[in-house]
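Colleague: Just passing along the structure, written as structure tokens.
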Amino acid sequence: MRRDRGSSRNNAVQNRPNALRIIGGEWRSRRIRFPGLTGLRPTPDRVRETLFNWLAPDVAGSRCLDLFAGSGALGLEALSRGAASVTFVEREREAADRLRETVNQLAPGRASVVQADALAWLRGAALPFDIVFLDPPFDSGLLPAAAGALESGGWLLPAARIYLEGPAKAGRPALPGGWILHRSGRAGAVGYHLARRQPGGTEGPA
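The sequence shown begins at 447 in my numbering and counts up one residue at a time.
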């Protein structure tokens, strides 16, 4: 979920209900409502479809973290496709409350929603994940810090997959040691990447 700030579109309307569409899996084509907060927009359908094609062998039975959750589009897509569990972390109360209602309805017992600042939450006790969705606000500069905190804090299993999303103009993201850049794509202003964790490895080409 990216939250761009400063655009005329973002400043025009707040608190307008919005909806996203689940792309595949058990809830395919289901529409999920989320608050119309300024700059709160799901990862585009085209990007989600590509990402979950990349992740197809890994999602079923996985433990996932949707760190800057927003609408929850990425974590909900993972649940729809058979993830064992998803933890959503979202700072904004209204978005977190709405997401909690959604997961309690669709996936009781398989998902939890934490209202917290992502980096502060990562300073807590770690429980490692198979897949992490890492999509901070575009203008926040949080991507390197969040990636580093995931690695240093013990939040990743040895073969974890990490999705990173940011401005396409920023190019490929810098990765912590032991992460390999596996795939990259671009959709308009969005740059999206899939890294895999390989302790002892070095960053390589997509």
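Cβ atoms here follow ideal geometry from the backbone N, Cα and C, with glycine treated the same way.
What's the call for Arg-544, buried or exposed, on a 16-neighbour Cβ count within 10 Å?
Modeller: Here the question's residue 544 lines up with position 98 in the sequence shown. Burial call: buried.
Colleague: Taking the Cβ atom as the reference point for each residue, do Leu-525 and Ala-553 lie within a distance shorter than 8 Å?
Modeller: Locating residue 525 in the sequence shown gives position 79, where the first residue counts as 1. Locating residue 553 in the sequence shown gives position 107, where the first residue counts as 1. Yes, they are a contact pair.
Colleague: Would you tell me roughly how many angstroms separate the C-alpha atoms of Leu-573 and Thr-533, rounded to the nearest one?
Modeller: Taking the first residue of the sequence shown as 1, we reach residue 573 at position 127. Taking the first residue of the sequence shown as 1, we reach residue 533 at position 87. Their backbone Cα atoms lie some 11 Å apart in a straight line.
Colleague: Considering only residues of the same chain and omitting the five flanking positions on each side of Arg-509, which have a CB-CB separation below 7 Å?
Modeller: For the purposes of this step, residue 509 is identified with residue 63 of the sequence shown, where counting begins at 1. Excluding positions up to five away in sequence, the list reads Ala-530, Ser-531, Phe-575, Asp-576.
Colleague: With a cut-off of 8 Å on the beta carbons, I'd call Ala-635 and Ala-614 a contact; round off their distance for me.
Modeller: To locate residue 635, count along the sequence shown from 1; it is residue 189. To locate residue 614, count along the sequence shown from 1; it is residue 168. Confirmed, about 6 Å.
Colleague: Pick from Ala-515, Arg-632, Gly-599, Leu-497: whose alpha carbon is nearest that of Thr-548?
Modeller: Numbered from its first residue, the sequence shown carries residue 548 at position 102. The candidate whose alpha carbon is nearest that of Thr-548 is Ala-515.
Colleague: What span of residues does the beta strand (DSSP E) with Asp-576 cover, start to end?
Modeller: For the purposes of this step, residue 576 is taken as the residue at position 130 of the sequence shown. That run of the beta strand (DSSP E) goes 575-580.
Colleague: What is the residue span of the beta strand (DSSP E) that Val-559 lies within?
Modeller: Working through the sequence shown from its first residue, we reach residue 559 at position 113. 557-561 is the extent of the beta strand (DSSP E) around Val-559.
Colleague: Short check: CB of Leu-520 to CB of Arg-494, under 8 Å?
Modeller: Residue numbering aside, residue 520 sits at position 74 when the sequence shown is read from its first letter. Residue numbering aside, residue 494 sits at position 48 when the sequence shown is read from its first letter. Going by C-beta atoms, Leu-520 is nearer than 8 Å to Arg-494.
Colleague: Keeping to the same chain, check which residues put their C-beta closer than 7 Å to that of Gly-612; ignore five residues upstream and five downstream.
Modeller: Position 166 of the sequence shown, counted from the first residue, corresponds to residue 612. Excluding residues within five positions, the ones whose Cβ falls inside 7 Å are Phe-584, Leu-589, Pro-619, Gly-637.
Colleague: Taking the alpha-carbon positions, what's the Val-505 to Arg-527 distance?
Modeller: Position 59 of the sequence shown, counted from the start, is the residue given in the question as residue 505. Position 81 of the sequence shown, counted from the start, is the residue given in the question as residue 527. Roughly 7 Å separates the two Cα atoms.
Colleague: Bridge partners for His-639 per DSSP, in chain order?
Modeller: Within the sequence shown, the letter at position 193 stands for residue 639. In DSSP, His-639 forms a bridge with Leu-610, Ser-630.
Colleague: Skipping 5 residues on each side, what residues in its chain have a beta carbon closer than 8 Å to that of Ala-600?
Modeller: The sequence position of residue 600 within the sequence shown is 154, counting from 1. For the record, residue 600 in the displayed sequence is Gly; it is not Ala. Contacts found: Ala-572, Pro-574.
Colleague: If you compare alpha carbons, which of Pro-481, Val-535, Gly-470, Ile-468 is closest to Pro-582?
Modeller: Position 136 of the sequence shown, counted from the first residue, corresponds to residue 582. Minimum Cα distance to Pro-582 is reached at Val-535.
Colleague: For Pro-481, does the count of other Cβ atoms within 10 angstroms reach 16, so buried, or fall short, so exposed?
Modeller: As a first step, residue 481 must be located in the sequence shown, where it is residue number 35. It is buried - the Cβ of Pro-481 has at least 16 other Cβ atoms within 10 Å.
Colleague: In or out: Glu-472 buried (at least 16 other Cβ within 10 Å) or exposed?
Modeller: Reading the sequence shown from its first residue, position 26 is the one you call residue 472. Flag for Glu-472 reads exposed.
Colleague: Along the chain, where does the beta strand (DSSP E) that runs through Asp-545 open and close?
Modeller: Residue mapping note: residue 545 aligns to position 99 of the sequence shown, counting from 1. In the sequence under discussion, the amino acid at residue 545 is Leu, which differs from the Asp named in the question. First-last for Leu-545: 539-552, but that is the alpha helix (DSSP H), not the beta strand (DSSP E).
Colleague: Helix, strand or coil for Val-535 per DSSP?
Modeller: What you label residue 535 is simply residue 89 of the sequence shown in a count that begins at 1. Correct three-state label for Val-535: strand.
Colleague: So, helix, strand or coil for Asp-491, using DSSP?
Modeller: For the purposes of this step, residue 491 is taken as residue 45 along the sequence shown, with counting starting at 1. Helix.
Colleague: Less than 8 Å separating the beta-carbons of Leu-580 and Leu-497?
Modeller: What you label residue 580 is simply residue 134 of the sequence shown in a count that begins at 1. What you label residue 497 is simply residue 51 of the sequence shown in a count that begins at 1. No.
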